[in-house]
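Novice: Mapping to my numbering: the sequence shown position 503 is 566, numbers consecutive.
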Amino acid sequence: MEKKQFKSESKRILDLMINSIYTNKDIFLRELISNASDALDKLYYRSLTDKELKVDKDKLEINIDFDSKARTITISDNGIGMTREELINNLGTIAKSGTLEFKDGMSEQDKENMIGQFGVGFYSAFMVSDKITVTSKSIDSKDAYVWESLGVDGFTIDESSKKSNGTTVVLHIKEDTEEINYSDYLDEYRIKELVHKYSNYISFPIKMMCEHKEQVDSKDDKPKYKTVKEEETLNSMVPIWKKSKNEVSEEDYNNFYMERFNDYDKPIKMIQTSVEGKISYKGLLFIPSHTPFNYYDKNYEKGLSLYSNGVLIMDKCGDLLPDYFAFVKGVIDSEDLPLNISRETLQESSSLKLIEKNIDTKIIKELETMQSDDREKYISFFNTFGTPIKYGVYDNFGENKDKLKDLVMFYSNNEDKLITLKEYVSNMKENQDKIYYASGSSIEKVKQMPQVDQVKDKGYDILLLTEYVDEFCLTALAEYDNHKFVNIEKDDLDLETKEEKEKTEKANKESTDMLSSMKELIKDVEEVRFTNKLKNNPVCLTSKGEVSIEMQKVFDAMPNGNNMGIKAQMVLEINENHKIASRLKDLYENNKDEFNNYTKILYNEARLIAGLPIDNPTELSNLISDIMSK
64 MEKKQFKSES
74 KRILDLMINS
84 IYTNKDIFLR
94 ELISNASDAL
104 DKLYYRSLTD
114 KELKVDKDKL
124 EINIDFDSKA
134 RTITISDNGI
144 GMTREELINN
154 LGTIAKSGTL
164 EFKDGMSEQD
174 KENMIGQFGV
184 GFYSAFMVSD
194 KITVTSKSID
204 SKDAYVWESL
214 GVDGFTIDES
224 SKKSNGTTVV
234 LHIKEDTEEI
244 NYSDYLDEYR
254 IKELVHKYSN
264 YISFPIKMMC
274 EHKEQVDSKD
284 DKPKYKTVKE
294 EETLNSMVPI
304 WKKSKNEVSE
314 EDYNNFYMER
324 FNDYDKPIKM
334 IQTSVEGKIS
344 YKGLLFIPSH
354 TPFNYYDKNY
364 EKGLSLYSNG
374 VLIMDKCGDL
384 LPDYFAFVKG
394 VIDSEDLPLN
404 ISRETLQESS
414 SLKLIEKNID
424 TKIIKELETM
434 QSDDREKYIS
444 FFNTFGTPIK
454 YGVYDNFGEN
464 KDKLKDLVMF
474 YSNNEDKLIT
484 LKEYVSNMKE
494 NQDKIYYASG
504 SSIEKVKQMP
514 QVDQVKDKGY
524 DILLLTEYVD
534 EFCLTALAEY
544 DNHKFVNIEK
554 DDLDLETKEE
564 KEKTEKANKE
574 STDMLSSMKE
584 LIKDVEEVRF
594 TNKLKNNPVC
604 LTSKGEVSIE
614 MQKVFDAMPN
624 GNNMGIKAQM
634 VLEINENHKI
644 ASRLKDLYEN
654 NKDEFNNYTK
664 ILYNEARLIA
674 GLPIDNPTEL
684 SNLISDIMSK
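Structural data, given as structure tokens:
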């Protein structure tokens with residue numbers, strides 16, 4: 064037996080890799096299985112060029128065994144194996160990768176199947192084991208050797224009696240501590256779970272002897288069972304996203320989605336994507352039929368499962384999805400992504416951004432197709448996930464508005480259904496140049512707004528907005544197809560005829576003193592004036608500037624209140640054709656106290672119509688009661 068030191072100032076570097084590079088202890092099995100897969104790939108690749116080397120690919124496999132009493136896990140393969148020198152060089156020099164050197168002599172196509180690149184994955188096993196024994200026989204040598212290390216001072220190497228080519232790695236699992244239950248890894252179910260999660264798509268079978276209950280004949284009525292061990296293949300080997308479409312049914316895709324993403328219902332849409340070029344990848348994307356239970360929770364984590372050649376690298380890679388598509392589930396498999404040394408996270412790269420951009424474009428196109436070809440399904444989708452898409456329109460100062468604007472829909476007053484902005488514009492009246500909208504808490508409440516009548520009388524459609532995000536979305540868009548969005552709640556709607564404008568201007572000029580007196584009494588409004596935009600309603604509130612009344616409601620409803628002090632500049636408008644107008648003029652001349660009471664009542668009525676709270680409901684009730692009792 065020969066004892067050697069690691070070649071890399073061993074203890075400090077080994078401690079760094081075990082305690083810093085790897086953050087998830089579960090991945091040790093993934094790394095060892097990946098190394099075994101590489102060894103099998105190397106042997107098969109050699110057999111393609113070495114005519115004397117006869118290899119039956121169907122017999123290449125990885126085997127796992129565990130002994131809970133001895134506290135060992137064994138991973139073995141019948142691959143290319145390692146010579147004494149390779150054991151010393153590959154395992155004795157930290158960050159030395161035999162796979163990386165082997166790939167240097169391969170074509171680009173053959174390189175794709177090689178997983179290991181950094182030569183540090185093997186040492187992740189020291190996170191869960193206090194001793195590792197590696198026995199290996201190279202296809203190029205008649206001798207076999209055993210390498211052993213405690214992971215501190217170095218390693219020993221000795222001869223072995225192993226006869227067949229391949230490598231066997233035995234992990235001696237650490238004793239349990241108060242913080243970590245290492246015995247968890249000595250459980251059959253746990254090993255199966257780790258293989259299924261991280262290595263399910265390794266292209267060689269991963270086999271293990273598993274326990275099963277088998278019923279035996281019984282003389283009485285009570286069933287009896289015995290425990291038997293049978294070899295079981297733990298991985299499916301071929302990912303569903305790498306199979307051709309004619310091999311996979313819709314039911315297969317639905318079952319994969321429901322099992323992989325723990326959903327009780329099938330997705331509303333499956334999107335298959337395959338790209339070859341500067342960055343190549345395959346993937347499956349799924350749009351759920353309902354929002355995840357924690358979708359609007361601050362702890363919700365978006366992202367697609369990221370694989371590299373069938374090996375799970377990240378369970379949720381958030382960088383692959385924009386926030387407005389955070390509800391999308393799926394998997395992406397690419398050999399072209401630069402990973403960090405632990406293969407746990409991605410390095411910043413233009414490749415990753417390119418994939419994200421492609422996925423974004425793909426989802427948008429698929430949704431647009433659904434919108435045009437299957438409107439009923441699209442409306443179902445939009446009712447579920449329309450809010451985040453509308454949020455995406457105005458988020459980041461509207462940088463994504465142009466690519467998302469045709470996905471959003473709003474309720475049409477004329478059509479009594481959801482329509483797109485393109486459909487609104489196509490149905491516009493010949494003399495109409497603006498897109499009109501109104502906001503409120505429900506469709507019915509918006510329809511009852513006093514300002515609606517004037518727009519309806521012109522024959523113009525109105526988009527009825529009922530979500531807090533809606534008006535912000537349209538504000539970010541500003542216009543669609545060169546038609547500006549106009550809130551009918553604004554004070555400058557400008558739908559009157561020249562004669563109507565002149566009549567209103569005259570009424571306001573004649574009542575300047577009275578209207579100023581009302582303004583002094585109502586401190587919350589910027590102006591009080593007569594209007595002809597109202598049909599049957601006596602009053603309404605409109606707003607000036609960028610902040611509408613509905614926007615103010617959103618700011619006021621924020622968790623900490625409207626700390627920014629963002630307020631709508633409100634205007635109290637009085638219907639000049641309503642009998643209340645002449646009543647106010649009479650009271651102003653003959654009964655100032657009663658005039659003040661009427662002013663307060665009208666203002667509070669306007670607040671109620673606008674959905675704003677009343678500051679002093681008791682005072683309002685008393686004023687109304689006094690008037691009713693006269």
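We put the beta carbon where it would ideally sit given N, CA and C, even for glycine.
This structure is a prediction, so every number in the text was calculated from the model and none was measured.
For Ser352 versus Asp328, is the C-beta distance shorter than 9 Å?
Specialist: Result yes, Cβ atoms of Ser352 and Asp328 sit closer than 9 Å.
Novice: Beta-carbon within less than 8 Å of Tyr370's beta-carbon, same chain only, minus the 5 sequence neighbours each way: which residues are those?
Specialist: Around Tyr370: Tyr264, Pro302, Ile376, Val394, Ile395, Asp396, Ser397.
Novice: Considering only their Cβ atoms, is the gap separating Phe390 from Ile334 smaller than 9 Å?
Specialist: Not closer than 9 Å, so no.
Novice: Hey, Tyr666 and Ile612: beta-carbon distance below 9 Å or not?
Specialist: Taking 9 Å as the Cβ cut-off, Tyr666 and Ile612 do not qualify as a contacting pair.
Novice: Starting from the C-beta of Gly461, find all residues in its chain whose C-beta is less than 6 Å away, skip the five residues before and the five after it, and write them out in chain order.
Specialist: So the list reads Ala539, once near-sequence residues are dropped.
Novice: With three or more C-beta pairs closer than 8 Å as the rule, is the region 510-530 touching the region 434-446?
Specialist: In short, these stretches do not touch, since the Cβ pair count stays below three.
Novice: Beta-carbon separation of Ile422 and Leu484 under 9 Å?
Specialist: No, these two residues do not count as a Cβ contact at 9 Å.
Novice: Is the beta carbon of Leu604 less than 9 Å from the beta carbon of Val634?
Specialist: Yes, the Cβ-Cβ distance between Leu604 and Val634 is below 9 Å.
Novice: Where Lys630 and Ser299 are concerned, what is the direct C-alpha to C-alpha distance, given to the nearest angstrom?
Specialist: Rounded to the nearest angstrom, the two C-alpha atoms are 60 Å apart.
Novice: Under 6 Å Cβ to Cβ from Tyr288, same chain only, skipping five residues before and after it: list those, please.
Specialist: Hits under 6 Å: Lys276, Gln278.
Novice: Gly628: buried (16+ other C-beta within 10 angstroms of its C-beta) or exposed?
Specialist: Exposed: under 16 other Cβ atoms inside 10 Å.
Novice: Going by C-alpha distance, which of Ile331, Leu556, Ser343, Ile342 is nearest Thr354?
Specialist: Thr354 has its Cα closest to that of Ile331, out of Ile331, Leu556, Ser343, Ile342.
Novice: Could you tell me whether the Cβ atoms of Lys137 and Ile236 are closer together than 9 Å?
Specialist: Note that residue 137 is Thr in the sequence shown here, rather than Lys. No, Cβ-Cβ distance for Thr137 and Ile236 is not below 9 Å.
Novice: How would you label Lys569, buried or exposed, when you count the other beta carbons within 10 angstroms and need 16 or more for buried?
Specialist: Lys569 comes out exposed.
Novice: Leaving out the 5 sequence neighbours to the left and right, which residues in its chain are closer than 8 Å to Asn571 when beta-carbon positions are compared?
Specialist: The residues are Leu578, Arg592, Phe593.
Novice: Count the other C-beta atoms from every protein chain shown that fall within 10 angstroms of the C-beta of Ser192, then say buried if there are 16 or more, exposed otherwise.
Specialist: By the neighbour-count rule (16 or more Cβ atoms within 10 Å), Ser192 is buried.
Novice: Looking at the secondary structure, which residues open and close the alpha helix (DSSP H) in which Ile506 lies?
Specialist: 506-510 is the extent of the alpha helix (DSSP H) around Ile506.
Novice: I'd like to know if the region 100-112 and the region 140-148 are in contact, where contact means that at least 3 CB-CB pairs between them fall below 8 Å.
Specialist: At 8 Å Cβ cutoff, the stretches touch.
Novice: In the DSSP assignment, what residue or residues form a beta bridge with Asp140?
Specialist: Partner(s): Ile125, Thr230.
Novice: Using 8 Å as the cut-off, can you tell me whether the region 486-496 makes contact with the region 452-466, which would need three or more C-beta pairs spanning the two stretches below that distance?
Specialist: Cβ pair count under 8 Å is below three, so no.
Novice: If you reduce the DSSP assignment to three classes, tell me which class Arg109 lands in.
Specialist: Looking at Arg109 - three-state DSSP - the assignment turns out to be helix.
Novice: Leaving out five residues on either side along the sequence, give the residues of the same chain with a beta carbon under 7 Å from the beta carbon of Trp210.
Specialist: Closer than 7 Å at the Cβ level, and outside the excluded window around Trp210, lie Leu150, Leu154, Val197, Phe218, Ile220.
Novice: With a threshold of 6 Å on Cβ separation, who are the neighbours of Thr336 within its own chain once the five nearest residues in sequence on each side are excluded?
Specialist: Excluding residues within five positions, the ones whose Cβ falls inside 6 Å are Gly346, Lys425.
Novice: Compare the Cα-Cα distances from Lys582 to each of Lys564, Val617, Lys663 and report the closest residue.
Specialist: Nearest C-alpha to Lys582: Lys663.
Novice: Taking three-plus beta-carbon pairs below 8 Å as touching, is the region 541-552 in contact with the region 470-479?
Specialist: Contact between the region 541-552 and the region 470-479 is absent, because fewer than three Cβ pairs lie under 8 Å.
Novice: Where Tyr245 and Phe189 are concerned, what is the direct C-alpha to C-alpha distance, given to the nearest angstrom?
Specialist: In a straight line, the C-alpha of Tyr245 is about 12 Å away from that of Phe189.
Novice: DSSP on Ile96, reduced to helix/strand/coil?
Specialist: Helix, per DSSP.
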